[in-house]
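Numbering (the UniProt record's numbering), first residue to last: 1 to 540.
#1: Quick check on the burial criterion: 16 or more other C-beta atoms within 10 angstroms. Buried or exposed for residue 321?
#2: Cα separation between residue 134 and residue 323?
#3: Using the C-alpha atoms, what's the distance from residue 10 back to residue 184?
#4: When the Cα atoms are used, what is the spatial distance from residue 420 to residue 394?
#5: Give me, in chain order, the residues of the same chain whose beta-carbon lies closer than 8 Å to that of residue 227; leave out the 5 immediate sequence neighbours on both sides.
#6: Pull the bridge partners of residue 169 from the DSSP assignment, please.
#7: Excluding the five sequence neighbours on either side, which residues of its own chain have a C-beta within less than 8 Å of the C-beta of residue 102, listed in chain order?
#8: So who's on the other strand from residue 337, going by DSSP bridges?
#9: Excluding five sequence neighbours on each side, which residues of the same chain lie with their C-beta closer than 8 Å to the C-beta of residue 218?
#10: My output table needs one value for residue 184: the three-state DSSP class, helix, strand or coil.
#11: Taking the beta carbon of residue 259 as the centre, do at least 16 other beta carbons fall within 10 Å, making it buried, or is it exposed?
#12: Could you check what DSSP says for residue 493 in three-state terms: helix, strand or coil?
#13: Measure the beta-carbon distance from residue 12 to residue 40 and round it to whole angstroms, keeping in mind my assumption that it falls under 8 Å.
#14: Is the CB-CB distance between residue 222 and residue 118 below 9 Å?
#15: Answer yes or no: do residue 17 and residue 26 have a C-beta to C-beta separation smaller than 9 Å?
#16: Label residue 179 either buried or exposed according to how many other C-beta atoms from any shown protein chain fall within 10 Å of its C-beta, with 16 as the threshold for buried.
#17: Quick one: grab the DSSP three-state call for residue 10.
#18: Counting only runs of 3+ residues fully inside the segment 64 to 114, write out the beta strand (DSSP E) ranges in chain order.
#19: Assign residue 22 to one of three DSSP states: helix, strand, or coil.
#20: If you run the structure through DSSP and keep just helix, strand and coil, what is residue 157?
#21: Considering only DSSP beta bridges, list what residue 287 is partnered with.
#22: Work out the CA separation of residue 35 and residue 24 for me, nearest whole Å.
#23: Helix, strand or coil for residue 327, going by three-state DSSP, please let me know.
#24: Per DSSP, what kind of secondary structure is residue 315 in: helix, strand or coil?
#25: Near residue 120, which residues of its chain fall below 6 Å by C-beta distance, leaving aside the five closest residues on each side in sequence?
#26: Nearest-angstrom Cα distance between residue 15 and residue 22?
#27: Among 88, 33, 309 and 165, whose alpha-carbon lies nearest the alpha-carbon of residue 100?
#28: Taking the beta strand (DSSP E) that residue 256 falls in, what are its first and last residues?
#29: Whole angstroms is fine: what's the gap from residue 90's alpha carbon to residue 167's?
#30: Please decide whether residue 33 counts as near chain D, where near means a Cβ-Cβ distance under 9 Å.
#31: Evaluate residue 262 with the Cβ neighbour count: other Cβ atoms within 10 Å of its Cβ, from every protein chain shown; 16 or more gives buried, anything less gives exposed.
#32: Taking Cβ positions, are residue 122 and residue 293 nearer each other than 9 Å?
#33: My guess is that residue 87 and residue 71 are in contact by the Cβ rule of under 8 Å, so how many angstroms apart are they, rounded?
#34: Tell me whether residue 204 is buried or exposed, calling it buried when 16 or more other Cβ atoms sit within 10 Å of its Cβ.
#35: Could you check how far apart the C-beta atoms of residue 274 and residue 247 are, in whole angstroms? I think they sit under 8 Å.
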């Protein structure tokens, strides 16, 4: 069954096991941080063990120090009776594993490494024993008394009571992390613990004598850890518990390998004094020149690491800002591009509109000019055509008049230069221009026959046709039958003759009569013609 916290954490692998559970390496999904999860099954724990577990919760939540394993959170699984503690992960393993590795390789730890581990453990114990962080390093060459703590009254101090190499964890750059406070106890200042529940190899003489556990008991355990780091063996070892207790009470230890300095040997011996009052406290140990130097060196390393972390954070933030700036720049460029596109489009539309208006006006002017030119050309053409048509009509009328009515005002067969056939030659007067007598001769006008039509003459123009000059379809007046003034019954039914006869026409029966033959008037004048001539002469 999946745990409720499986949605927040990803289990990577198991790094340790104990009597009450396992320790796993997990990854926090929110930020990818690597943590250590201590899975504790409290179902089989006694009441005393549960009290110790509860004490560990309180201690871990109150300790905040660079050299102490940090406690983050916990998850209680009531149904499984399990408790998950999420703590800081130290990827370098523990000091016990490092000692075993050195022993397997038959190597000794370098003294600088030993001093580094020692100084970091002292600072961690200082935070536990005095409830406050150690003072700043200051001038590491001076001895001073700056290491003496000023603890406020009522401050809670912590006794670890289980200091051993397996509870000292190593991180990056050999960073020491003190952990596993399961057997620790919170006491008031100047109080003492009466019981001991730690590992027998690292218990102090006062614990062996059934005396109270004090802050100096942790100093004894610290000396045992540093000795084992140098010699690769615990300072006190025996086959039985009784022999071990006797050796601890005597306080005799084998000498360290000659590879280490007398200063390191002296510090270890001071920490392993049988009388707890003669042991140095963490404040005195911090004031040692070598420890101060190690702390200063560690401070430089820490500052370098912090600067590196800050630089990485700044670089990450810088990249984030650059990404944001790039995004903002792209957005601004896109906005400007869109604005310029809109402006350009509007400007193009405006220019196109202006040009279209200009072209439209030019087109209208051109069309107007061409229309006017076309109208003028057509007007001129129409005028010329009309004039030509008028001249053609006039010439045709003149030619028709000349051919139909040649010069005389009466008659249809006479000419301008001819003398009337009814005029006698004896009537030519002396006034005629042709006369040798020099008298004016009056030309006799043509005699108008009874059936001749009058012709209107225009001076200087020539003969033109008049309504009286229009020839009828028949050369004679209409038939008498068509002149009836009253309707006839037969007229409505009869079709008009195709060629109505002339009322003055000579009947065919008498057409052959010589009496009806036309006579030549020029040969002689009858009395009737003379009368007509006399009348005309009188009119002239």
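For glycine and all other residues, C-beta sits at the position ideal for the given N, C-alpha and C. It should be emphasised that the depicted structure is a prediction, and the values quoted were computed from it without experimental measurement.
Once the coordinates are examined:
#1: exposed
#2: Rounded to the nearest angstrom, the two C-alpha atoms are 42 Å apart.
#3: No answer about residue 184 holds up, because its pLDDT of 44 lies below 50 and its placement is not dependable.
#4: Per-residue confidence for residue 420 stands at a pLDDT of 43, beneath the threshold of 50, marking its modelled position as unreliable; the derived number appears in the next sentence. It is roughly 30 Å from the alpha-carbon of residue 420 to the alpha-carbon of residue 394.
#5: In its chain, beyond the 5 residues on either side, 234, 235, 253, 256, 268 and 272 have a beta carbon closer than 8 Å to the beta carbon of residue 227.
#6: 94 and 177
#7: 108, 109 and 232
#8: Beta-bridge pairing links residue 337 to no other residue.
#9: 125, 128, 129, 159, 160, 161 and 163
#10: Here the model assigns residue 184 a pLDDT of 44, short of 50, so the residue's position is not dependable and the matter cannot be decided.
#11: Exposed, since its Cβ has fewer than 16 Cβ neighbours within 10 Å.
#12: Confidence in residue 493 is poor, its pLDDT being 49 and thus under 50, which makes the residue's placement unreliable; the coordinate value appears in the next sentence. The answer is helix: DSSP assigns residue 493 an H, G or I state.
#13: Rounded, the Cβ-Cβ distance is 19 Å, inconsistent with contact.
#14: yes
#15: no
#16: buried
#17: strand
#18: 71 to 77 and 82 to 88
#19: strand
#20: DSSP places residue 157 in the strand class (E or B) of the three-state scheme.
#21: In the DSSP output, where bridge partners are listed per residue, residue 287 has none listed.
#22: One alpha carbon belongs to residue 24, the other to residue 35, and they sit about 9 Å apart.
#23: helix
#24: helix
#25: 67 and 176
#26: 8 Å
#27: 165
#28: Where residue 256 is concerned, there is no enclosing beta strand (DSSP E), given that its DSSP letter is neither H nor E.
#29: 11 Å
#30: Within the model displayed, chain D is absent; a lone protein chain is all it includes.
#31: exposed
#32: no
#33: Contact flag correct, Cβ pair sits at about 5 Å.
#34: buried
#35: Rounded, the Cβ-Cβ distance is 11 Å, inconsistent with contact.
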